[in-house]
Every structure is written in structure tokens, then in C-alpha cells.
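First up is the structure itself, then whatever we jot down about it.
Chains as they are written, first to last, in my numbering: chain A, 7 to 105; chain B, 12 to 369.
What follows is the structure, given as C-alpha cells:
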């Protein structure tokens with residue numbers, strides 16, 4: 007599944023300072039859908055080059071990291087249960103820095 | 012209608028709870044409402060306007076400096092203040108005031124953002140630097156004191172720097188972008204450190220009215236998440252990196268805890284602030300009295316203000332001066348070991364203040 011992932015608020019530093027990533031995520035065998043939970047695991051393995059604890063805590067994002075799927079708060083679509091479609095845009099923004 | 016119970020509701024089948032027309036873009040942590048972008052802008056701006064008016068933060072004709080660091084809070088603050096000033100005719104003369112602490116790789120980049128803000132929002136900018144004011148940059152200070160207590164030095168110096176910048180600009184007030192999350196963290200921090208004096212002051216929306224320049228926090232009830240969402244949707248230009256010295260700060264623990272709390276119960280943040288506002292200090296607790304610093308005339312509860320004590324320490328090669336617990340002579344249980352460690356501090360600091368220097 008082709009997706010566009012964006013990292014902001016300082017998170018890009020964990021991915022070699024690249025803010026936008028166009029990725030192709032393989033679905034798990036036998037599954038038709040890709041959930042945010044799967045995507046997060048994929049991101050941690052494939053995109054996060056350092057300090058994964060800055061991005062994730064357990065199965066989900068670190069508290070203080072906002073997630074938007076197609077410019078909508080993922081809290082509206084079920085957080086980790088959110089299902090993703092082809093060409094979706096997922097944005098991760100960290101709020102954990104000075105103002 | 013029964014079928015409706017079997018089909019799972021997706022976000023797209025719900026509409027904004029305010030206008031009932033558009034698709035919701037976010038869930039407000041404060042109210043758990045699902046709200047669309049346009050309505051979000053409206054409630055966000057309106058709530059801040061109500062905080063400003065309800066707390067009578069400004070008077071028409073005042074000159075107001077906005078503490079601007081180039082970060083998310085101060086950028087959104089500058090944007091919203093100029094917008095509301097225009098829309099509701101506050102009649103304020105707005106300025107941007109920035110502090111250059113001399114932290115390479117952090118402050119030099121964020122100052123570029125403020126310079127852009129100056130142009131984008133049409134607000135005149137003044138930058139004051141630690142080097143100019145104190146003769147030391149934070150980088151130089153950290154080389155001398157090591158990686159502990161950095162925030163103590165920086166915070167103390169920054170407060171004075173802002174006051175001096177504000178005096179230079181001849182402004183009547185200073186506004187800062189401290190948000191609800193920050194204030195909740197501060198309440199917790201003060202409880203954890205037993206700092207009763209600060210606990211009683213830290214939730215005030217306006218502070219320092221009896222000092223050189225009063226300062227207020229229009230974002231006191233605004234959630235950090237909403238500030239970031241607002242900036243994201245409006246595509247506001249801000250700089251976002253953690254200060255390189257911050258990983259060692261104690262505040263980090265309070266922040267982690269607050270963020271975990273927010274996840275479980277988002278209202279916890281405003282509730283903590285409310286608890287903080289309702290604390291009443293027992294009259295038998297000894298509280299610091301306010302006077303002036305003998306060396307520089309700044310307000311101080313001790314003989315010398317904190318900035319002077321810290322500077323003296325730096326200039327004399329005593330980086331621990333003003334850091335660490337100082338037990339006063341009133342305290343009968345004066346710890347001998349502590350008094351020896353603090354050595355010279357005894358001669359400069361007089362009254363026991365009741366606060367822990369971290």
C-alpha cells in the first residue's frame with residue numbers, strides 16, 4: 007500500500023532529517039487491511055533510525071505526539087484501530103519542545 | 012433504526028458538533044467535542060478573546076511586548092494577538108521581544124524564525140542577548156557548571172532579560188505563550204519540590220504587577236495540542252527542536268506524567284490548574300518578603316537577586332553558588348554538611364525563603 011508519511015515538530019530528526027516519506031507498506035499475510043497499529047510497527051522498524059522511545063511508547067505513539075490521517079485527528083477514527091487506504095497521508099507531529 | 016446499531020460508525024458519518032455541516036477535523040481534549048477546522052478556529056480564537064476580556068488583561072492604548080522564541084506557543088500567540096487586536100479593537104501597540112541565550116544549534120535557528128515572524132505579522136522585533144546583558148552565553152555557562160541545573164541559570168537570566176528588553180521598548184506589559192500544559196506541569200513541579208511560595212503564585216494569569224513589568228499568559232487555559240493543531244492547519248511558521256540542555260531537566264518528569272494523564276483523562280490538565288488556583292497557604296507558613304536586590308535593584312526576596320548570585324558564582328569560579336539547598340539560621344535543624352558545602356552562600360544570602368533551589 008502506497009502511503010505518504012510526514013514527520014514534524016522535531017520527529018524528522020529521528021528519520022535522518024527527512025520530513026516527508028513516500029512509502030510502500032506490505033500488508034501482513036492474509037490480511038486485507040492495514041491499521042495504524044501495523045503502520046506504527048512498520049515505521050519503527052523501517053524509518054526510525056535513532057531513539058525510538060521518542061516516537062513510540064509500547065504499541066502506540068509516545069504521549070505528546072499528534073497523529074493526523076488525511077488531515078484529521080486520529081482520535082476521531084479510532085486511534086490505533088484506524089484503517090488506512092491507498093494513498094492516505096499520515097502526519098506525526100511532536101508537541102514536546104519549547105514554545 | 013436497529014440496523015444503525017449493527018453498522019460501526021466511522022468518523023465520516025459524524026459531523027462537526029458545532030455547525031453540523033462539515034466533517035470534523037479534530038477532537039478537542041478540553042471538551043471531547045468533534046469539531047471541524049473552521050469551527051475550531053472560531054472557538055479557539057473566541058475562547059482566548061474571552062480569557063483576555065474576562066481577566067481584563069489589557070487596557071486600550073497599552074504597549075505590549077510578546078515574548079517570542081520562534082516556537083509553537085509564541086508564534087501562535089503573536090498571530091492570535093495581532094488578529095484579536097485587529098478584530099476586537101483592543102487598541103494595543105504590539106511588539107516582539109526575543110531573548111538570545113547563546114545556545115548554538117538551538118537559539119540561533121529559532122531566532123531566524125522570529126525574524127520571519129516580524130515580517131509576516133508586521134510586528135517590530137527587539138532581541139536581547141545574555142552575552143550583552145551578563146557577559147555569558149548559555150554555552151559558556153554550561154561549560155563551567157556542567158549539565159546539571161542548566162535550566163536554573165537560563166530561567167533566572169531569561170526573566171530578567173525579558174524585563175530589561177521590555178523596559179528598553181518602554182512597554183506596559185509582557186505576554187508569554189505559556190499554555191495549560193505548562194502551567195499544570197509547574198503546579199506539579201512545585202508540589203514535588205515543596206516550593207510553597209511559588210505554588211501560591213504560579214497559577215496567576217497576571218504576575219509581577221508589583222514589579223517592573225507585569226506579565227500575563229493569555230494561553231493559560233489553552234491546551235498544547237490545540238495550539239499545535241491550530242499552527243498546523245493555519246500553516247504557521249514555527250521552529251521546533253528541544254533545547255539541547257533540556258533532557259536533564261526535572262520538568263521533563265512532570266511533563267511525562269502530565270502527558271500520560273492527558274491520554275487517560277484529558278480534562279486532568281485544566282483540573283490541575285483549578286486545584287492550583289484553589290490552594291490556600293496556611294498563615295503559619297513562613298513566606299518570603301519582597302524587597303530589592305542590593306546589587307542591581309531588581310525585585311528580590313533575598314539580599315541579592317538570584318541572577319546576581321548566579322553571576323557572582325560564575326565570575327568567581329564558584330559554579331555552585333546559589334544552587335542547592337540553603338538552610339537558614341532559623342531552621343533549628345541546620346545541617347552541618349549542607350552549610351559547609353554552601354560555604355560562601357551564607358555571607359550573601361540572608362533570609363531563609365522556604366524554597367528549594369534545585
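The C-beta atom is built at its ideal place from N, Cα and C for all residues, glycine as well. All figures in this text were calculated on a predicted structure; none of them were measured in a lab.
Using beta carbons (cut-off 9 Å, strictly below), is residue i in contact with chain B?
i                     : result
residue 65 of chain A : no
residue 97 of chain A : yes
residue 19 of chain A : yes
residue 37 of chain A : no
residue 74 of chain A : yes
residue 82 of chain A : yes
residue 25 of chain A : no
Any beta-carbon of chain A closer than 9 Å to the one on residue i?
i                      : result
residue 239 of chain B : yes
residue 172 of chain B : no
residue 116 of chain B : no
residue 274 of chain B : yes
residue 53 of chain B  : no
residue 25 of chain B  : yes
residue 69 of chain B  : no
residue 73 of chain B  : no
residue 85 of chain B  : yes
residue 193 of chain B : yes
residue 49 of chain B  : no
residue 137 of chain B : no
residue 80 of chain B  : yes
residue 236 of chain B : yes
residue 257 of chain B : yes
residue 347 of chain B : Residue confidence for residue 347 of chain B is low, a pLDDT of 38 falling below 50, so the modelled location carries little weight; the figure read from the coordinates is stated next. Taking Cβ atoms only, chain A never reaches closer than 9 Å to residue 347 of chain B, which makes this a no.
Who does residue i pair with in a DSSP beta bridge?
i                      : result
residue 76 of chain B  : B:106, B:185
residue 226 of chain B : B:185, B:218
residue 7 of chain A   : In the DSSP output, where bridge partners are listed per residue, residue 7 of chain A has none listed.
residue 37 of chain B  : B:46
residue 27 of chain A  : A:11
residue 79 of chain A  : A:74
residue 317 of chain B : Note: residue 317 of chain B sits in no beta bridge, so no partner.
residue 98 of chain A  : A:13, A:73
residue 115 of chain B : Per DSSP, none; premise fails for residue 115 of chain B.
residue 136 of chain B : B:107
residue 40 of chain A  : A:90
residue 302 of chain B : B:311
residue 67 of chain A  : A:62
Name the chain A residues that come within less than 8 Å of residue i, Cβ to Cβ?
i                      : result
residue 190 of chain B : 105
residue 151 of chain B : Correct list: empty, because the minimum Cβ distance to chain A is about 20 Å.
Between the C-alpha atoms of residue i and residue j, what's the straight-line distance to the nearest angstrom?
i                      : j                      : result
residue 25 of chain B  : residue 35 of chain B  : 7 Å
residue 134 of chain B : residue 176 of chain B : 15 Å
residue 437 of chain B : residue 139 of chain B : Given that chain B is displayed from residue 12 to residue 369, the structure contains no residue 437 of chain B and the question cannot be resolved.
residue 100 of chain B : residue 327 of chain B : 51 Å
residue 240 of chain B : residue 143 of chain B : 36 Å
residue 242 of chain B : residue 83 of chain B  : 7 Å
residue 156 of chain B : residue 50 of chain B  : 49 Å
residue 30 of chain B  : residue 52 of chain B  : 13 Å
residue 333 of chain B : residue 82 of chain A  : 49 Å
residue 66 of chain B  : residue 253 of chain B : 32 Å
residue 45 of chain A  : residue 58 of chain A  : 14 Å
residue 40 of chain A  : residue 86 of chain A  : 10 Å
residue 18 of chain A  : residue 102 of chain A : 13 Å
residue 319 of chain B : residue 149 of chain B : 16 Å
residue 33 of chain B  : residue 27 of chain B  : 6 Å
residue 272 of chain B : residue 72 of chain A  : 15 Å
residue 370 of chain B : residue 90 of chain B  : With chain B represented from 12 up to 369, any question about residue 370 of chain B goes unanswered, as that position is not in the structure.
residue 118 of chain B : residue 77 of chain A  : 30 Å
residue 129 of chain B : residue 120 of chain B : 15 Å
residue 75 of chain A  : residue 265 of chain B : 29 Å
Can you list the residues of chain A that residue i reaches, using a CB-CB cut of under 7 Å?
i                      : result
residue 61 of chain B  : Going along chain A, no residue has its Cβ under 7 Å from residue 61 of chain B, so there is no contact; the nearest lies around 21 Å.
residue 252 of chain B : 16, 103
residue 243 of chain B : 99
Going along chain B, which residues have a C-beta under 7 Å from residue i?
i                     : result
residue 79 of chain A : 36, 37, 38
List, in chain order, every chain B residue whose beta-carbon is nearer than 8 Å to that of residue i.
i                     : result
residue 69 of chain A : 267, 270, 271, 273, 274
Given that residue i touches chain A, what residues does it touch there, using C-beta distances under 9 Å?
i                     : result
residue 45 of chain B : 79, 81, 82
Checklist entry - Looking at C-beta atoms only, is the number of pairs between the segment 277-290 of chain B and the segment 187-198 of chain B that lie closer than 8 Å three or more? => result Counting Cβ pairs under 8 Å, three or more are found: they touch.
Next on the checklist: Does the contact criterion of 3 or more C-beta pairs under 8 Å hold for the segment 67-77 of chain B versus the segment 299-315 of chain B?
Outcome noted: The segment 67-77 of chain B, when compared against the segment 299-315 of chain B, does not touch it at the 8 Å Cβ threshold.
Item to check | Sufficient close CB pairs (3 or more, under 8 Å) joining the segment 49-65 of chain A to the segment 36-48 of chain B | outcome: The segment 49-65 of chain A is not in contact with the segment 36-48 of chain B.
Item to check | the segment 90-101 of chain A contacting the segment 7-25 of chain A, beta-carbon criterion three pairs below 8 Å | outcome: Three or more beta-carbon pairs separated by less than 8 Å link the segment 90-101 of chain A to the segment 7-25 of chain A, which places the two stretches in contact.
Next on the checklist: Does the structure place the segment 51-71 of chain B close enough to the segment 165-174 of chain B that three or more beta carbon pairs sit under 8 Å?
Outcome noted: These segments do not touch.
Checklist entry - Given 8 Å as the limit, is there contact between the segment 155-162 of chain B and the segment 196-212 of chain B, that is, 3 or more CB pairs closer than that? => result By the C-beta criterion, the segment 155-162 of chain B is judged not to be in contact with the segment 196-212 of chain B, since fewer than 3 inter-stretch pairs fall below 8 Å.
Checklist entry - Do the segment 224-234 of chain B and the segment 196-203 of chain B make contact, defined as three or more Cβ pairs closer than 8 Å? => result Flag = no, the segment 224-234 of chain B and the segment 196-203 of chain B do not touch.
Checklist entry - Quick one: any contact between the segment 9-20 of chain A and the segment 93-105 of chain A, if contact means 3 or more CB pairs under 8 Å? => result Yes: the two stretches touch, three or more of their Cβ pairs being nearer than 8 Å.
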